[in-house]
Amino acid sequence: MNDNLFSILKSNFPDDLTTTFLQTGSGRSVSYADMLARSAQYANTLRALGLGPGERIAVQVGKSTEALMTYLGAIRVGAAFLPLNTAYTPAEVSYFLGDAEPRVVVCDPSKEDDIGAVAGKAKVETLGQDGASGSLPERVNAAPTAFEEVRCEADDLAAILYTSGTTGRAKGAMLTHKNLSSNAEALAAKWQFTAEDRLLHALPIYHTHGLFTASNTILHAGASMIFLPRFDADEVVSLLPQATAMMGVPTFYSRLLANDALTRNLVKHIRVFISGSAPLSPDIHREFELRTGHAILERYGMTETGMITSNPFDGARRAGTVGFALPGVEIRITEHESGKELAQGEVGDIEVRGPNVFNGYWQMPEKTAEEFRDDGFFVTGDLGMIDDQGYLNIVGRDKDLIISGGFNVYPAEIEAAIDELPAVAESAVIGVPHPDFGEGVMAVVACKAGETLEEGDVIASLSDTLARFKQPKRVAFVDALPRNAMGKVQKNELRDRYAETFQRPAK
Ligand code: AMP
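For the sequence shown, numbering that gives the first Met the number 0 begins at 0 and goes up steadily by one.
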């Protein structure tokens, strides 16, 4: 048997290959037969460019059908696919190229010179967001439309994804064919995707969420997707009636709620709305259910592991939790230093083991060893606890844990309490240097449009509900929290911005 991810996905493609695989926002349709032929052309082209097992292809291009075909072609030819966020500057790309040493790098035609200057030995090809311009499609158009997948072992490298890593050097997570195929299989089964499904796909494809969680799961189910270059609430609203499912980051859901066209009737054909990549606020969960009748299904995962847990498809989807371990995946909560497993209800490190867990960081064996326990569990860097009903609750990243006066303060608990205030839209709680306490708890709050609050109001509202050491000593107000494209609040940025808050005045 060939463990190449594409071969495994292909075994589930519909018998009738004229079935739609993908449709674009403008209504262009790509059948499974078209996708097989086009990705074969990419595989043939990439092979001619010297790609194959043991080689890497870095890709920094806008989202398009052709970009997806580049990914599929790379997998078919047995090379490792390395997607790069389109926001990275050539100086940042230079680090990734120097580290990963790809044989080929694909960029937008407008960046050819800049990327060429940092590409080293890599061959530079171009692909425009329109999918037609650039040197790569030109080569691809002339290539044969049949390709036999290169044989791969389960543990062979399929992709390298650099983690957003806000501290230290970005690390390249090495994902194998088995990591990706096992996760696609688990998700298609758990979320009950079938050939009848049509997923509304508005996520970027340089990240694990849009590339693997969404696209691989759809391919594994032989289903189809509406493939949009970006999330635009009006466009999404206009296309939702044609979809049966949507995957998104929490900001997609808050933006949909801000759109009056989102009604129960609009989404009556939808089978499931799924959220992840950042915490979904219980408020949004509730409001969305009230408006549409759909309880958003929240799941949890990360670049290094693919998806780890999910709320149930059948059964209670509990707001503020991320559900249960996926089939074949084990999780446990441990004490950081000793690695000792903690009892239910106790907060500690979330650790995970299973076929989904990556093969280590590219050329960083020591960093890899630091993050794995001897028995193969990976320490995710997230803190959580398993509640009395067995659902995993995430309380934050361990680097966001605040230690104030020797006490552990978990930001998520305080953020949830602040978010209860009717005037609050969103909040982030951070620790910043404090002369007496080591770190002082500080809240950064964005009020809803037209609402205002004073610092004292926020602090007073918490005095009955939270122990004193957890209460923010200062509250700053902002129009909106800084977030990245995946909807994650950039706490590092906030810590930098407010670093001086508790410093003693200079003498
Ligand atoms: P990334 O590697 O960019 O996918 O980021 C993974 C991180 O996102 C995880 O380690 C979590 O900190 C966070 N994350 C993902 N899904 C959730 C979720 N449903 N709730 C809270 N945090 C999440």
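Every residue, glycine too, gets a C-beta built ideally from N, C-alpha and C.
Leaving out five residues on either side along the sequence, give the residues of the same chain with a beta carbon under 7 Å from the beta carbon of residue i.
i, result
"residue 479", "445"
"residue 142", "40, 43, 44"
"residue 30", "16, 17, 18, 19, 20"
Please list the terminal residues of the continuous beta strand (DSSP E) segment that includes residue i.
i, result
"residue 256", "Residue 256 -> not in any beta strand (DSSP E); alpha helix (DSSP H) instead, spanning 249-256."
"residue 225", "223-226"
"residue 272", "271-274"
"residue 199", "197-200"
"residue 406", "406-408"
"residue 379", "377-385"
"residue 445", "437-446"
"residue 349", "347-352"
"residue 391", "391-396"
"residue 21", "19-23"
"residue 477", "473-477"
"residue 149", "First-last for residue 149: undefined, no H or E at that position."
"residue 103", "103-106"
"residue 29", "28-30"
"residue 237", "Counting along the chain, residue 237 falls outside any beta strand (DSSP E), though it belongs to the alpha helix (DSSP H) covering 232-238."
"residue 403", "401-403"
Just to confirm the assignment, what range does the alpha helix (DSSP H) spanning residue i have?
i, result
"residue 111", "111-117"
"residue 189", "176-189"
"residue 461", "454-461"
"residue 129", "Segment: none, residue 129 is in no alpha helix (DSSP H) and carries neither H nor E."
"residue 73", "64-75"
"residue 134", "134-140"
"residue 281", "281-291"
"residue 268", "Note, residue 268: premise wrong, no alpha helix (DSSP H); not H, not E."
Based on Cα-Cα distance, which residue from the options lies nearest to residue i?
i, options, result
"residue 68", "91, 184, 36", "36"
"residue 252", "194, 280, 269", "280"
"residue 175", "424, 312, 423, 302", "302"
"residue 243", "250, 235, 249", "235"
"residue 15", "229, 75, 32", "32"
"residue 430", "415, 462, 473", "473"
"residue 145", "90, 341, 34, 179", "34"
"residue 99", "348, 117, 113, 460", "117"
"residue 39", "12, 10, 76", "76"
"residue 226", "220, 219, 207, 246", "246"
"residue 148", "10, 173, 105", "10"
"residue 241", "250, 224, 254, 249", "224"
"residue 177", "214, 41, 358", "358"
"residue 196", "304, 128, 20", "20"
"residue 275", "263, 254, 286, 310", "310"
"residue 182", "325, 153, 318, 72", "325"
"residue 4", "337, 216, 202, 208", "216"
"residue 271", "314, 383, 304, 305", "314"
"residue 58", "153, 159, 221", "159"
"residue 329", "341, 351, 286, 336", "351"
"residue 180", "62, 305, 228", "305"
"residue 90", "115, 124, 334", "115"
If you drop the 5 nearest sequence neighbours on each side, which residues of the same chain put their C-beta closer than 6 Å to that of residue i?
i, result
"residue 408", "401, 440, 469"
"residue 84", "205"
"residue 320", "390, 392"
"residue 488", "427, 480, 482"
"residue 165", "Low per-residue confidence applies at residue 165: pLDDT is 47, beneath 50, and the placement is therefore not dependable, though the value from the model is reported in the following sentence. Around residue 165: 491."
"residue 317", "390"
"residue 410", "395, 399, 428"
So, with DSSP's three-state summary, where would you put residue i?
i, result
"residue 45", "helix"
"residue 427", "strand"
"residue 541", "Residue 541 cannot be examined here, being either before or after the span of the chain that is shown, 0 to 506."
"residue 121", "coil"
"residue 532", "There is simply no residue 532 to check, as the chain begins at 0 and stops at 506 in what is shown."
"residue 467", "helix"
"residue 309", "strand"
"residue 160", "strand"
"residue 92", "helix"
"residue 328", "coil"
"residue 485", "coil"
"residue 501", "coil"
"residue 433", "strand"
"residue 204", "coil"
"residue 371", "strand"
"residue 0", "coil"
"residue 58", "strand"
"residue 492", "helix"
"residue 171", "strand"
"residue 165", "With a pLDDT of 47 at residue 165, under the threshold of 50, the predicted position of this residue should be treated as unreliable, though the coordinate-derived value follows. In this structure, residue 165 counts as coil in the three-state DSSP scheme."
"residue 340", "strand"
Excluding five sequence neighbours on each side, which residues of the same chain lie with their C-beta closer than 8 Å to the C-beta of residue i?
i, result
"residue 258", "232, 233, 236"
"residue 288", "294, 295"
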